Amino acid sequence: MSEEVKKVATRQSYGEALAELGDQYPDLVVLDADLANATKTGIFRKKFPQRHIDCGIAEANMTGIAAGLATCGKIPFISSFAMFASGRNFEQVRNSIGYPHLNVKIGATHAGITVGEDGASHQCFEDLALMRTIPGMTVVCPSDDVETKAAVKAALDMQGPFYMRTSRAASPVINDNPDYKFELGKGIQLKDGKDITIVACGVEVNYSLEAAKMLEQDGVSVRVINIHTIKPLDEDIILKAASETGKIFTVEEATVIGGLGSAVAELTAEKHPAEVHKLGMQDVFGESGSWAALLEKYELDGNGIYNQIKKML
Amino acid sequence: MDKLELQKIAVGVRKGIVTAVHAAKAGHPGGSLSAADIFTYLYFKEMNIDPKNPKDPDRDRFVLSKGHTAPGLYSAMANRGYFPVEDLTTLRKLGSKLQGHPNMNDIDGIDMSSGSLGQGLSAADGMALAAKLDGKSYRVYCLCGDGEIQEGQIWEAAMFAGAKKLDNLCLIVDNNNLQIDGTIEEVCSPYPIDKKFEAFNFHVINIDGNDFDQIEKAFDEARTVKGKPTCIVAKTVKGKGVSFMENNVSWHGTAPNDEQYEVAMADLDKIEEGLK
Numbered sequence: 004m005s006e007e008v009k010k011v012a013t014r015q016s017y018g019e020a021l022a023e024l025g026d027q028y029p030d031l032v033v034l035d036a037d038l039a040n041a042t043k044t045g046i047f048r049k050k051f052p053q054r055h056i057d058c059g060i061a062e063a064n065m066t067g068i069a070a071g072l073a074t075c076g077k078i079p080f081i082s083s084f085a086m087f088a089s090g091r092n093f094e095q096v097r098n099s100i101g102y103p104h105l106n107v108k109i110g111a112t113h114a115g116i117t118v119g120e121d122g123a124s125h126q127c128f129e130d131l132a133l134m135r136t137i138p139g140m141t142v143v144c145p146s147d148d149v150e151t152k153a154a155v156k157a158a159l160d161m162q163g164p165f166y167m168r169t170s171r172a173a174s175p176v177i178n179d180n181p182d183y184k185f186e187l188g189k190g191i192q193l194k195d196g197k198d199i200t201i202v203a204c205g206v207e208v209n210y211s212l213e214a215a216k217m218l219e220q221d222g223v224s225v226r227v228i229n230i231h232t233i234k235p236l237d238e239d240i241i242l243k244a245a246s247e248t249g250k251i252f253t254v255e256e257a258t259v260i261g262g263l264g265s266a267v268a269e270l271t272a273e274k275h276p277a278e279v280h281k282l283g284m285q286d287v288f289g290e291s292g293s294w295a296a297l298l299e300k301y302e303l304d305g306n307g308i309y310n311q312i313k314k315m316l
Numbered sequence: 012m013d014k015l016e017l018q019k020i021a022v023g024v025r026k027g028i029v030t031a032v033h034a035a036k037a038g039h040p041g042g043s044l045s046a047a048d049i050f051t052y053l054y055f056k057e058m059n060i061d062p063k064n065p066k067d068p069d070r071d072r073f074v075l076s077k078g079h080t081a082p083g084l085y086s087a088m089a090n091r092g093y094f095p096v097e098d099l100t101t102l103r104k105l106g107s108k109l110q111g112h113p114n115m116n117d118i119d120g121i122d123m124s125s126g127s128l129g130q131g132l133s134a135a136d137g138m139a140l141a142a143k144l145d146g147k148s149y150r151v152y153c154l155c156g157d158g159e160i161q162e163g164q165i166w167e168a169a170m171f172a173g174a175k176k177l178d179n180l181c182l183i184v185d186n187n188n189l190q191i192d193g194t195i196e197e198v199c200s201p202y203p204i205d206k207k208f209e210a211f212n213f214h215v216i217n218i219d220g221n222d223f224d225q226i227e228k229a230f231d232e233a234r235t236v237k238g239k240p241t242c243i244v245a246k247t248v249k250g251k252g253v254s255f256m257e258n259n260v261s262w263h264g265t266a267p268n269d270e271q272y273e274v275a276m277a278d279l280d281k282i283e284e285g286l287k
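Note that the protein sequences, when read in sequence, are chains A and B. Position one of the first sequence corresponds to residue 4 (the numbering used here), numbered consecutively onward. Position one of the second sequence corresponds to residue 12 (the numbering used here), numbered consecutively onward.
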């Protein structure tokens, strides 16, 4: 490990990106539901107080307000914890944003098991699955600070509904290099390998790189793909991996039902059958604990991913 | 435009509703007819709109939160010239732009897709807020059902509109007193509707929603209110204008058969005769 790896929570990057892009995108407005300090939209509020609307603890209403704003040419980013932004709000997102295909962006923070201490009621594992079912919805789960900022800009440059999940826990910056290029719907191969492929999103990209390093020491050649866009899925990069490495392991801090793992399994089942193992939350609710302890318990940190894959090889 | 003219147009709007629902063999005539006078007033007198320029950024907006009464909206829009009146018979049919519930991407002039009850007022809030942010003077109108306000999101949206002083927003509650399972009191009473909206910082006006004099007075008053949104509680008759549908909950979501259609149109012809 290099000594000083910069760590930033992707929710922080989200708030900073909004503030940084506010001047360039005058139609950008940011809505929150009494969580501006946690979702980090407070950073935007400080710079653009007139364009930050706190809706109070009423996420369904916030979603509809965003829809109305979008019909009048605004580009609203609405923010809450993933549990509420996608779960409580599902039908509002589907009918008031998805069906009319309005230009509303959803910045969902505090997704997955790394929510930590708040426990199961606030650990949303279902958002990727839910949002993926809405026609025309773009679904993104960035892996670090650099990628989150790029994703926010990409969201502002595209027309139509967009959902992005970010995490509470600080995670290492892995994309801070001159070759890095973010394109919606295009996965990034971080490491080549011949024996197996790990396809990961969000904070799990970094843990997958760690696991890959350990597997290489055991003589397993591992390809690692950062699939920041869950929908539309980069079919080419997955199918290439399926044909070249056979085995695919998907890793997400989300339920294995309906999210990234399912998307990859659905694609390969139809177009290039391959052995797909889905690592993530195995049809269970979470619990309280530090995010590090939880990742360890559910085998979703570097060691955990390594152990899970070893058992299946 | 005077009262008599509006009354005549409203008969035409009602005929369009009955014709559309009859042709579709499905749809919601009861709540379309109760609100037909409000649809008529909004589209023919109150709103700053132009069917030839339906996307004018400065136009007034309308959100039909009780989206199942799309036949009422479609008939008013067709009569106003947004699309041919003949198209009303395509309601709910495969390939028609007249979807069972309004879709903004199918018809220019529909400002918001709606139909899932409780969501429209939030969108109207957003439109009113956009006008405030941009310093524009357009107004936003939203029509809700009295059963619909049992949805909690309506009260989230009402709280927001009151708190943010959206005085360019005018909500109309079509108080026809009936919902699918019975009277609104029998099901889960939202009364007193006026007191509730007052408590949410609305300026409230109670009217007979089938009387154009009172409708006009209410909308005129709403435009003068500063610092508060307005809620017009419009007491109406469900099925208004069609004798056998009036105050009869079974016509909430049922289409007339051929015989019933003839009776309904004859009822409306008679009203039209009386206006000459």
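From the three backbone atoms N, C-alpha and C, an ideal C-beta is built for every residue, glycine too. No experiment lies behind these values; they were computed from the predicted model shown.
Under DSSP, Leu31 of chain A takes part in a beta bridge, and its partners are A:Ile78. For Arg91 of chain A, same chain residues with a beta-carbon under 6 angstroms away, outside a window of 5 residues either side, are Glu62 in chain order. Counting along the chain, no alpha helix (DSSP H) covers Gln130 of chain B, and no H or E run does either. Within the stretch 79-107 of chain A, the residues whose Cβ lies closer than 9 angstroms to any Cβ of chain B are, in chain order, Pro79, Glu94, Gln95, Arg97, Asn98, Ser99, Tyr102, Pro103, His104 and Leu105. Note on geometry: alpha-carbon atoms of Lys108 of chain B and His79 of chain B lie some 15 angstroms from one another.
Residues of the same chain with a CB within less than 7 angstroms of the CB of Met86 of chain A, apart from the 5 flanking positions on each side, are His125 and Cys127 in chain order.
Within the stretch 226-289 of chain A, the beta strand (DSSP E) runs of at least 3 residues that lie entirely inside it are, in chain order, 232-234, 250-258 and 279-284.
Around the beta carbon of Ser16 of chain A, a 10 Å sphere encloses 16 or more other beta carbons of the protein chains shown; the residue is thus reported as buried. Within chain A, Tyr102, Pro103 and His104 have C-beta atoms less than 9 angstroms from the C-beta of Asn116 of chain B, given in sequence order. Here the stretch 168-188 of chain B lies against the stretch 120-140 of chain B, with 3 or more beta-carbon pairs under 8 angstroms apart. In its chain, beyond the 5 residues on either side, Ala70, Val107 and Pro164 have a beta carbon closer than 6 angstroms to the beta carbon of Ile100 of chain A. A distance below 8 angstroms separates the beta carbons of Ala73 of chain A and Pro79 of chain A. The C-beta of Tyr183 of chain A has fewer than 16 other C-beta atoms within 10 Å across all chains shown, which makes the residue exposed.
For a cut-off of 8 angstroms, the C-beta gap from Ser174 of chain A to Asn229 of chain A is around 12 angstroms, too long to register as a contact. DSSP places Thr101 of chain B outside any beta strand (DSSP E), giving it a letter other than H or E. In the three-state DSSP reduction, Leu133 of chain A falls in the helix class (H, G or I).
Each of A:Val96, A:Asn209, A:Leu31 and A:Lys49 was checked against the Cα of Gly139 of chain A, and the nearest Cα belongs to A:Val96. Inside the stretch 106-169 of chain B, DSSP marks whole alpha helix (DSSP H) runs of 4 or more residues at positions 131-145, from first to last along the chain. With 16 or more other Cβ atoms inside 10 Å of its own Cβ, Asp122 of chain B counts as buried.
A Cβ-Cβ contact shorter than 8 angstroms links Asp185 of chain B with Gly156 of chain B. Your pair Asp26 of chain A and Asp57 of chain A does not check out as a contact, with CB atoms roughly 21 angstroms apart and the cut at 8 angstroms. A Cβ-Cβ distance of about 6 angstroms is found for the pair Asn221 of chain B and Val248 of chain B, placing them in contact under the 8 angstroms criterion. According to the DSSP secondary-structure assignment, Asn188 of chain B is paired through a beta bridge with no residue.
Neighbours of Phe208 of chain B across chain A, judged by C-beta separation under 8 angstroms, do not exist; the nearest C-beta is about 16 angstroms away. Along the stretch 84-145 of chain A, the beta strand (DSSP E) occurs as fully enclosed runs of 3 or more residues at 108-112 and 141-143, listed in sequence order.
Taking C-beta separations shorter than 7 angstroms and ignoring five residues to either side along the sequence, the partners of Asp67 of chain B in its chain run Asp61, following chain order. Beta-carbon to beta-carbon, Ala275 of chain B and Val29 of chain B are separated by about 5 angstroms, close enough to satisfy the 8 angstroms threshold.
Rounded to the nearest angstrom, the gap between the Cα atoms of Asp224 of chain B and Lys19 of chain B is 14 angstroms. Across the structure, Tyr149 of chain B and Phe73 of chain B are spaced so that their CA atoms are roughly 11 angstroms apart.
The criterion of a C-beta distance shorter than 8 angstroms is satisfied by Ile251 of chain A and Ala245 of chain A. 8 angstroms or more divides the Cβ of Ala37 of chain B from the Cβ of Gly252 of chain B. Leu140 of chain B reaches chain A at Val32, Ile56, Ile68, Gly71, Leu72, Cys75 and Lys77, counting residues in chain order whose Cβ is nearer than 9 angstroms.
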